[in-house]
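What follows is a set of notes on a single structure, which appears directly below.
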Amino acid sequence: MKKVGIIGAGPSGLCAAQHCLQEGYDFTIFEQGHELGGTWIYSPEINTHSSIYEGLTANGPMDLNTLEAYPFRDIEEKGRSFIPYEHIFACLLEYGKPLRDHIHFDHKVALIHRLDDAWEIITETSCGKFQKTWRFDAIFICNGHNFKEDVPDYMLKYTGNWIHSRNYRRASDYANQTVAIVGGGLSGMDILSQVVNYAKKIHFIHNQPGKHAKIIPKNVEENARCVDAFEKSIILADGSVLTGIDTVILCNGYKHSFPFFKNGEVELKLDGKIVSPLFQHVAHVNYLDSLFFIGLTSHAFNFLTIEYQINFAMAILSGRANKFPQEVVENWESGRITELKQHGKHPKNFHFLEGSQFDYYHELCRLGNFPYKISLAIERVFYDFIEKRGINFFTYKNFQYKVLNDEDFECKYVP
160 MKKVGIIGAG
170 PSGLCAAQHC
180 LQEGYDFTIF
190 EQGHELGGTW
200 IYSPEINTHS
210 SIYEGLTANG
220 PMDLNTLEAY
230 PFRDIEEKGR
240 SFIPYEHIFA
250 CLLEYGKPLR
260 DHIHFDHKVA
270 LIHRLDDAWE
280 IITETSCGKF
290 QKTWRFDAIF
300 ICNGHNFKED
310 VPDYMLKYTG
320 NWIHSRNYRR
330 ASDYANQTVA
340 IVGGGLSGMD
350 ILSQVVNYAK
360 KIHFIHNQPG
370 KHAKIIPKNV
380 EENARCVDAF
390 EKSIILADGS
400 VLTGIDTVIL
410 CNGYKHSFPF
420 FKNGEVELKL
430 DGKIVSPLFQ
440 HVAHVNYLDS
450 LFFIGLTSHA
460 FNFLTIEYQI
470 NFAMAILSGR
480 ANKFPQEVVE
490 NWESGRITEL
500 KQHGKHPKNF
510 HFLEGSQFDY
520 YHELCRLGNF
530 PYKISLAIER
540 VFYDFIEKRG
550 INFFTYKNFQ
560 YKVLNDEDFE
570 CKYVP
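With the sequence shown counted from 1, adding 159 to any position gets you this note's numbering.
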């Protein structure tokens, strides 16, 4: 019987554990916190592993944010498609019930290294006093990527008040303030949609100023991207300077981090934006059948992606996957970078799926020799939702989706 070690009891770790349970593997989950759920555990405290804030709802419809073995749902049965984080957390608690006996809480992974033909893990308790050594045939790295903040060097020169979005907790904290929100991605837009109801003025700083001119409220001003800072001034790409800001909320994402690999097993390239060397964002090139990274990709629906990545990893681990020529595995990373450049995108977007997620799932199915289960209706919901979000990010979560059959869905607007 294969012994599998799983790092993290968030959605990725729980899903990996469910699949290990189905395969009949002997598995152990290591979680440094006191509860399962990962980033979906809300904490009013800052500088924790949670990036959840009050009023947060899923950034996609339930049909695109669910796990196969346990479909998420609107617990209050209000028909909402974009459910509150509390409901997702409750679903994860239910999903993880049969796995609790396999979870070692308050176990931080201090070291992972290869020893002979196995993986050795050294864990320690939160106080650091007690260590234990474990051995496994395979390892699933499911520690998430929403905890190591990506902070530009120029922000270290800024002497005013600023936070990273990971430490944003409630919009009312910014009542009557002049706020600068730096970053126009999902977190920046979502935080903007909350803070706009409290702040006196908001500078929305991103790469496409003017893009949202027709929909933004009067107390929001779009500005060019930030390139530098000095004392309490923000310097923008067009040469203008912003002053008089009460709080800067930095919404420019995260870096990948694996502090438990200390012997060069993993290389972080482009300042933590590329995890290398991997095949298909999942399997380590040098340990193809025993070291797997789940959930590194972003700009896609995380739960769907997790499910397909774990199916792919399990297919390799069990021997069901098709055989991959070594040159295909070794050249995948360089091919991915070439593909990005051909589409005019920076290599720092290496793990971004964006609109290609369904093609990616199909490729994992082909390589792993397992079926693709997403219906045409679900794919259509995705494209419809993306279009509506692009038109107005203030209102897109008011739409309710209902899948009628494998091909059709209906959508209605509920103010």
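Every residue, glycine too, gets a C-beta built ideally from N, C-alpha and C. As the structure is a prediction and not an experimental result, all values here were calculated from the model.
DSSP places Asp518 in the uninterrupted alpha helix (DSSP H) bounded by Gln516 to Gly527. Rounded to the nearest angstrom, the gap between the Cα atoms of His272 and Pro220 is 39 Å. The alpha helix (DSSP H) runs lying completely inside the stretch 202-262 and spanning 4 residues or more are 244-254, given in chain order. Under a 10 Å Cβ-count criterion, Phe389 is classified as exposed, with fewer than 16 other Cβ atoms of the shown protein chains found around its own Cβ. Going by C-alpha positions, Gly514 is about 15 Å away from Gly503.
As a beta-bridge residue in DSSP terms, Lys291 pairs with Thr282. Following the DSSP letters along the chain, one finds Glu426 inside the beta strand (DSSP E) bounded by residues Glu426 to Lys428. If you ignore the 5 residues before and after His521, its C-beta comes within less than 7 Å of the C-beta of Tyr531, all in its own chain and listed in chain order. In the three-state reduction of the DSSP assignment, Cys570 falls in the strand class. When DSSP assignments are scanned along the stretch 355-390, the uninterrupted stretches of beta strand (DSSP E) that are 3 or more residues long and fall wholly within it turn out to be 360-364, 379-382 and 385-389. Between the stretch 173-188 and the stretch 315-329 there are fewer than three C-beta pairs closer than 8 Å, too few to call the two in contact. Between the stretch 558-568 and the stretch 258-276, the count of Cβ pairs shorter than 8 Å is below three; the stretches do not touch.
Residue pairing by DSSP places Ala442 opposite Phe438 and Phe451 in a beta bridge.
Partner residues in the beta bridge of Lys561, as assigned by DSSP, are Glu569. In this chain, the alpha helix (DSSP H) harbouring Ser171 covers Pro170 to Glu182. For Asp543, there is no enclosing beta strand (DSSP E); the enclosing alpha helix (DSSP H) covers residues Leu535 to Ile550. For the pair Arg329 and Glu213, the CB atoms are nearer than the 7 Å cut-off. Distance between Gly169 and Gly255, taken at the CA atoms: about 9 Å. Each residue's CA atom was taken as its position, placing Leu476 and Ser449 some 7 Å apart. Counting C-beta pairs with one atom in each stretch, the stretch 417-434 and the stretch 402-409 have fewer than three that are closer than 8 Å, which means they do not touch. Rounded to the nearest angstrom, the gap between the Cα atoms of Asn551 and Phe541 is 16 Å. When the beta-carbon positions are compared, Gly478 and Cys410 stay at least 7 Å from each other. Ile475: member of the alpha helix (DSSP H) spanning Asn461 to Ser477, first to last residue. Ile298 sits in a strand when the DSSP states are folded into three classes. The Cβ atoms of Pro506 and Leu512 lie no closer than 7 Å to each other. Contact between Ile340 and Ile394 fails: their C-beta atoms lie close to 16 Å from each other, not under 8 Å. With respect to the 7 Å criterion, Asp312 and Thr284 are not classified as neighbours on the basis of their beta carbons.
Shown here, Asp312 sits in a helix according to DSSP, grouped into three states. Annotated as proximal: Asn305 and Thr198, with beta-carbon spacing under 7 Å. In the DSSP assignment, the residues bridged to Phe511 are Ser457. Secondary structure note for Leu195: it is in no beta strand (DSSP E), with a DSSP letter that is neither H nor E. For Asp349, the three-state secondary structure derived from DSSP is helix.
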